[in-house]
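Novice:
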Amino acid sequence: MRNLRVILMVEIAIFGALGFVLDFIAFKMPQGGSVSLVMIPIVLMAFRRGVLAGVLTGVLVGLLQIVTGTVSVTPLSFGYVVLQVILDYLAAYGVVGLAGIMRGRYLQAAEKKRTGQMLWAVVAGVLIGSLLRYAMHVVTGILFFGMFAEGNVLVYSAVYNATYMIPVFLLAAFVCSALFAAAPKLVHANQ
């Protein structure tokens, strides 16, 4: 039992570090946000070990970005910056781990060797994680970056964040689908 916990912690650390590194290979947006592969290790961990492991991996990615100073913050007071960093990094990457909600469907389809259903579960999981991350970024955009809005701040935040989150979703869905189809044993932690 103890060895399984150690293995789980090591996997979370490895996948969190991999997500952090993959975020450097990115197209950066001027006021924050980027198109990168950061979500792939989080989704992989969520499908491999479940929702909690995926959420912890996402939080670790956000924490690594915070402690290394690779964050984009608004020029407000310290209290607002702390709240923004928590929402935009810890929470936003953490909710990507909720992609693991689709893990059960993926495993059922894999057991029956139904590739189409497996891929559907992966894309649905990535969509769930992407939508939740997008929602977090829209909220922080409204709360902390409204000063850049020309017109309605909700529309501004929704459109601005969609410009990079739609490509992030498409990229992550494609790569995860290809990865999980080519190597389904990646998801089976006990194999």
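Quick note: the sequence shown uses the numbering used here, first residue 3, plus one each step. Ideal placement from N, C-alpha and C gives every residue a C-beta, glycine not left out. Remember, predicted model here, so these are calculated numbers, not experimental data.
Using the beta-carbon count (16 or more within 10 Å), is Asn154 buried or exposed?
Specialist: Exposed, since its Cβ has fewer than 16 Cβ neighbours within 10 Å.
Novice: Could you name the residues that DSSP lists as bridge partners for Val37?
Specialist: Per DSSP, Phe29.
Novice: Taking the alpha carbon of Ala184 as the reference point, which residue from Ile130, Gly52, Ala151 and Lys115 has its own alpha carbon closest?
Specialist: Closest option to Ala184, Cα to Cα, is Lys115.
Novice: Select from Gly131, His139 and Leu109 the residue whose C-alpha is nearest the C-alpha of Ile42.
Specialist: For Ile42, the nearest C-alpha among the options comes from Gly131.
Novice: Return the Cβ separation of Gly99 and Thr59 in integer angstroms, given the expectation that the two are a contact with Cβ distance under 8 Å.
Specialist: Contact holds; Cβ gap of about 6 Å.
Novice: Taking the alpha carbon of Cys178 as the point to measure from, which residue in Arg4, Pro32, Tyr108 and Tyr91 has its own alpha carbon closest?
Specialist: Nearest C-alpha to Cys178: Tyr108.
Novice: Does the contact criterion of 3 or more C-beta pairs under 8 Å hold for the region 80-94 versus the region 44-58?
Specialist: Contact between the region 80-94 and the region 44-58 is absent, because fewer than three Cβ pairs lie under 8 Å.
Novice: Mind checking which residues open and close the alpha helix (DSSP H) that includes Glu113?
Specialist: Arg105 to Glu113 is the span of the alpha helix (DSSP H), which, as asked, contains Glu113.
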